[in-house]
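Chains as they are written, first to last, in this note's numbering: chain A, 3 to 254; chain B, 749 to 1034. All residues carry an ideal CB built from backbone N, CA and C; glycine is no exception. The model shown is predicted, which means the values in this text are computed figures rather than measured ones.
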């Protein structure tokens, strides 16, 4: 806390307004050796003439170029590692300076480096209008704990009315991948498909065969936790000696 | 909202002298455990009028605030219901594309086996998004219970938990009255009224209907997301007792709280319930 007379305070306030602060975008190309001013001046503006005003300066004021250290622009790609790009020009002439400033020990977040006077706007997803107190949002999450707080007869998996009935309660992608999902579907609807939708049956079989080949040839044992999924009964194969049943022909 | 079929049975501890003695934890004998307490208020006037003081269960309302578990609960609630119906067709599923469009050599063009290969303009996707996809998973019961306890602890510690004697004590069904009541008592912008079952006092329902940020749910609808979303939680005394009883009985149940969710256990129930949705002739889309 330091006290200054009113003129000096005004000067301080002007300085903090005019000079670029930390949060300003780095579109302007500064000359080398340019120092960012560290001006977090919190000025209590009470312009009463004749009274000495107090200014609460929490951090150091504008540093002179001589005293402070230089803020260096970094991230030059000198690695000579071949980068994957569409065309030869992009591969050959990589931009070496991406305009990134390392910000050590500073508050705030920098916007991403941008080309100066760039006309194309930043790609942003369209603004979504949120209605937090509309009925479906106000009751979001209701009945998720109904198996614990209710009478124990209903499970939240039974409340997934928006999900197709064959996929209700089925473990998601992170545990049961597409192959497992399709095998489950085939178990349920084999007869219906073969009778009424032979084309879909053919496509399903092709997809299952392709996926099982893909996983077996290209992937390590990803599904060693398959038995933990709790999808099917773990019954022993009683016919392992029966040569007419082969394991690569997956029979349903 | 699920009908009152799922209403809890009447008080189990009616016979016992000490309220829910069968599930009460021995912490009332432990001198090192602080028992949290809360006022019981009436909703008859706008000004706050406290009628009684209740002791709350420390394992629920003064639990160690496991913010990481609360985070996991809320993330689970946000994600486990998600469904994606996008399907990008592969080259085999796209129409056409059976014939080799031009010979392998001598044409000067690149090798092509089919018109619907991924590098063709209207070709199929190689590793596209496939079919109806869910993010369904279940958290273990212990984590869900701990998340609930953490959320309730936070609400009580931050003076956002209000216990009303009954919602019948609300004197008028005017939404403005309820709004002024909440304003006087400093409840906040959003209030969640929790009752025992889905049959709530008529006056409260009429008042709450016209205020979008005031909502009423039964006990079984309580969840971490709603508890954290609403500024204030208003429980009836009966609802509070039932909630404590339920959570304590879950903590003390004989089967494991770490029980893994297995699809096999629920498969007959789920498929049985979904039978009426299926078309009798054609299988659903995949």
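Could one say the Cβ of residue 1010(B) lies closer than 7 Å to chain A's Cβ atoms, at least one of them? Along the second chain, read from residue 1 onward, the residue named residue 1010(B) stands at position 262. So, interface residue.
Segment limits, alpha helix (DSSP H) that includes residue 944(B): Here residue 944(B) refers to the residue found at position 196 when the second chain is read from its first residue. Here residue 944(B) belongs to no alpha helix (DSSP H), and DSSP marks it neither H nor E.
Quick one: is residue 180(A) near chain B, going by C-beta distance under 7 Å? The count along the first chain starts at 1 and reaches residue 180(A) at position 178. Closer than 7 Å to some Cβ of chain B, the Cβ of residue 180(A) qualifies, so yes.
The beta strand (DSSP E) spanning residue 788(B) covers which residue range? The residue you call residue 788(B) lines up with position 40 of the second chain. Note, residue 788(B): beta strand (DSSP E), 785-790.
Would you mind giving the Cβ-Cβ distance between residue 795(B) and residue 932(B), rounded to the nearest angstrom? I have them listed as a contact below 8 Å. Here residue 795(B) refers to the residue found at position 47 of the second chain. Here residue 932(B) refers to the residue found at position 184 of the second chain. Going by Cβ atoms, the distance from residue 795(B) to residue 932(B) rounds to 6 Å, so yes, they are a contact pair.
Pairwise C-alpha distance: residue 991(B) and residue 808(B): The residue given as residue 808(B) occupies position 60 in the second chain. The residue given as residue 991(B) occupies position 243 in the second chain. Rounded to whole angstroms, residue 808(B) to residue 991(B) spans 10 Å at the Cα level.
CB of residue 168(A) within 7 Å of CB of residue 195(A), strictly: Here residue 168(A) refers to the residue found at position 166 of the first chain. Here residue 195(A) refers to the residue found at position 193 of the first chain. Cβ atoms of residue 168(A) and residue 195(A): not closer than 7 Å.
Classify residue 186(A): buried if its beta carbon has 16 or more other beta carbons within 10 angstroms, exposed otherwise. Locating residue 186(A) in the first chain gives position 184, counting from the first residue. When all chains shown are included, residue 186(A) counts as buried.
Can you check whether the CB of residue 983(B) is closer than 7 Å to the CB of residue 942(B)? Walking along the second chain from the start, residue 942(B) turns up at place 194. Walking along the second chain from the start, residue 983(B) turns up at place 235. Cβ distance < 7 Å, so residue 942(B) and residue 983(B) count as in contact.
Could one say the Cβ of residue 850(B) lies closer than 7 Å to chain E's Cβ atoms, at least one of them? Absent from the structure is chain E; the protein chains it does hold are A and B.
Does the structure place the region 882-902 of chain B close enough to the region 1016-1026 of chain B that three or more beta carbon pairs sit under 8 Å? no
Could you give the DSSP three-state label for residue 161(A): helix, strand or coil? Indexing the first chain from 1 puts residue 161(A) at position 159. Reduced to three states, the DSSP call for residue 161(A) is helix.
In the DSSP assignment, what residue or residues form a beta bridge with residue 939(B)? For the purposes of this step, residue 939(B) is identified with residue 191 of the second chain, where counting begins at 1. The partner list for residue 939(B) (beta bridge, DSSP) reads 962(B) and 980(B).
Quick check: is the beta carbon of residue 185(A) nearer than 7 Å to any beta carbon in chain B? For the purposes of this step, residue 185(A) is taken as residue 183 along the first chain, with counting starting at 1. No, residue 185(A) does not count as interfacial toward chain B.
With 7 Å as the threshold, decide whether the Cβ of residue 965(B) is near any Cβ in chain A. For the purposes of this step, residue 965(B) is taken as residue 217 along the second chain, with counting starting at 1. By this cut-off, residue 965(B) is an interface position.
Residue 971(B) beta carbon less than 7 Å from that of residue 88(A): The residue labelled residue 88(A) in the question sits at position 86 within the first chain. The residue labelled residue 971(B) in the question sits at position 223 within the second chain. No, they are not a contact pair.
Would you give the residue range spanned by the beta strand (DSSP E) that residue 909(B) belongs to? Taking the second chain and counting its residues from 1, one reaches residue 909(B) at position 161. From DSSP, the beta strand (DSSP E) with residue 909(B) extends over 909-912.
Looking only at C-alpha atoms, which of 143(A), 127(A), 177(A) and 108(A) sits nearest to residue 1010(B)? Here residue 1010(B) refers to the residue found at position 262 of the second chain. Nearest option by C-alpha distance: 177(A).
Alpha carbon to alpha carbon, how far is residue 1014(B) from residue 159(A)? For the purposes of this step, residue 1014(B) is taken as the residue at position 266 of the second chain. For the purposes of this step, residue 159(A) is taken as the residue at position 157 of the first chain. Rounded to whole angstroms, residue 1014(B) to residue 159(A) spans 8 Å at the Cα level.
Coarse secondary structure for residue 802(B), derived from DSSP in three states: Taking the second chain and counting its residues from 1, one reaches residue 802(B) at position 54. If DSSP states are grouped into helix, strand and coil, residue 802(B) belongs with the strands.
Count the CB pairs spanning the region 881-890 of chain B and the region 786-803 of chain B that are closer than 8 Å, and state whether there are at least three. no
Do the region 109-129 of chain A and the region 846-854 of chain B touch if we need at least three Cβ pairs shorter than 8 Å? no
Is it buried or exposed, residue 95(A), if we count other Cβ atoms within 10 angstroms and call 16 or more buried? The residue labelled residue 95(A) in the question sits at position 93 within the first chain. Residue 95(A) is exposed by the Cβ-count criterion.
Any idea which residues DSSP pairs residue 882(B) with across the strands? The count along the second chain starts at 1 and reaches residue 882(B) at position 134. Bridge partners of residue 882(B): 831(B).
So residue 932(B) is in the alpha helix (DSSP H); what residue range does that whole segment cover? Residue 932(B) sits at position 184 when you count from the first residue of the second chain. Here the alpha helix (DSSP H) through residue 932(B) covers 923-932.
Provide the residue span of the alpha helix (DSSP H) that contains residue 1020(B), from first to last. Along the second chain, read from residue 1 onward, the residue named residue 1020(B) stands at position 272. That run of the alpha helix (DSSP H) goes 1011-1021.
Residue range of the alpha helix (DSSP H) that residue 203(A) falls in? Taking the first chain and counting its residues from 1, one reaches residue 203(A) at position 201. Segment 200-220, the alpha helix (DSSP H) holding residue 203(A).
Cβ separation of residue 962(B) and residue 939(B), assumed to be a contact under 8 Å, to the nearest whole Å: For this step, residue 962(B) is matched to residue 214 along the second chain. For this step, residue 939(B) is matched to residue 191 along the second chain. That pair is a contact at about 5 Å.
With distances taken Cα to Cα, identify the nearest neighbour of residue 208(A) among 193(A), 198(A) and 184(A). One-based indexing of the first chain puts residue 208(A) at position 206. Minimum Cα distance to residue 208(A) is reached at 184(A).
Coil, strand or helix - residue 797(B) by DSSP: Taking the second chain and counting its residues from 1, one reaches residue 797(B) at position 49. Of the three classes helix, strand and coil, the one that applies to residue 797(B) here is strand, per DSSP.
Starting from residue 999(B), trace the alpha helix (DSSP H) in both directions and tell me its first and last residue. What you label residue 999(B) is simply residue 251 of the second chain in a count that begins at 1. Taken as a continuous stretch (DSSP letters only), the alpha helix (DSSP H) holding residue 999(B) covers 985-999.
Taking the alpha-carbon of residue 843(B) as reference, which of 919(B), 873(B) and 1030(B) has the nearest alpha-carbon? As a working note, residue 843(B) is residue 95 in the second chain. It is 873(B) whose Cα lies nearest to the Cα of residue 843(B).
Return no unless some Cβ of chain A is closer than 7 Å to the Cβ of residue 868(B). Position 120 of the second chain holds residue 868(B). No - not a single Cβ of chain A is within 7 Å of the one on residue 868(B).
Kindly give me the distance between the Cβ atoms of residue 834(B) and residue 165(A), rounded to whole angstroms, as I take these residues to be in contact under 8 Å. On the second chain, position 86 is the one that residue 834(B) refers to. On the first chain, position 163 is the one that residue 165(A) refers to. So it is not a contact: roughly 15 Å between Cβ atoms.
Please name the residue in 904(B), 949(B), 921(B) and 952(B) whose C-alpha comes closest to that of residue 783(B). Taking the first residue of the second chain as position 1, residue 783(B) is located at position 35. Nearest option by C-alpha distance: 904(B).
Answer yes or no: does any C-beta atom of chain B fall closer than 7 Å to that of residue 170(A)? In the first chain, residue 170(A) corresponds to position 168, counting from 1. Yes, its Cβ sits closer than 7 Å to a Cβ of chain B.
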